[in-house]
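Reviewing the structure listed below.
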Amino acid sequence: MSLPHFADFPLGLTRKSTVPDLTDLIGVRGSSAETEVQSRGYQFTGNLGSSALWWNRRTKTCASITVDQGRVVSIMKSPAADCGKKADAGADLSDLIGVRGSSAESELKSRGYQFSGNLGSSALWWNAGTKTCMSVTVGDGRVVSIVKSPKRDCRQ
């Protein structure tokens, strides 16, 4: 499937995607995109506001696809919970990649994590409920990586 020509894209709409295997569907007619998303292993799980939610069991990816004026305008990665799936420890944080550091801090707290200290240039976050230690690295004011760390890093 080829990308639509810019002239074919509705005026005033922006192209946006954080799901690499679906990026080429931005600008495609909604009905055509639906068929293509299914052929790539995604299953429709429901709606969230004006977006359709699609789950890929193989990649454990929840994609939120928004159509406006008959064309796909955004395909964003959503937390697994939005698709009705339970995320693995740490996997539920992948949606924070690229988020401003201050916003990520608030979101980590809302997800049950507590700041535990620093390890080099990374901040350590502990979740007592899941007994998970995560190392969060921020660069240029935005989260650039989130990786699971040994419990001992969070002093547990």
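Add 1022 to the 1-based position in the sequence shown for the numbering used here, that's all there is to it. For every residue, glycine included, the Cβ atom is placed at its ideal position computed from N, Cα and C. None of the values given here were measured: they were computed from a predicted structure.
With DSSP run on the structure shown, which of helix, strand or coil describes Gln1060? helix
Between which two residues does the alpha helix (DSSP H) carrying Leu1130 extend? 1123-1132
Through-space distance from Pro1042 to Thr1083, alpha-carbon basis: 11 Å
Can you check the segment 1070-1119 for any beta strand (DSSP E) of at least 3 residues that lies completely inside it and give the ranges in chain order? 1073-1078, 1083-1090, 1093-1100
Of the residues Ser1054, Asn1149, Glu1129, Ile1087, the one placed nearest Thr1040, counting alpha carbons only: Ile1087
Neighbourhood of Ser1167 by C-beta, 6 Å cutoff - its chain only, sequence neighbours within 5 removed: Thr1159
Helix, strand or coil: how does DSSP classify Glu1051 here? What sits at residue 1051 in the sequence shown is Arg, not Glu. Strand, per DSSP.
So what does Gly1142 bridge to, in DSSP terms? DSSP output for Gly1142 lists no bridge partner at all.
Excluding five sequence neighbours on each side, which residues of the same chain lie with their C-beta closer than 7 Å to the C-beta of Leu1115? Met1156, Ile1168
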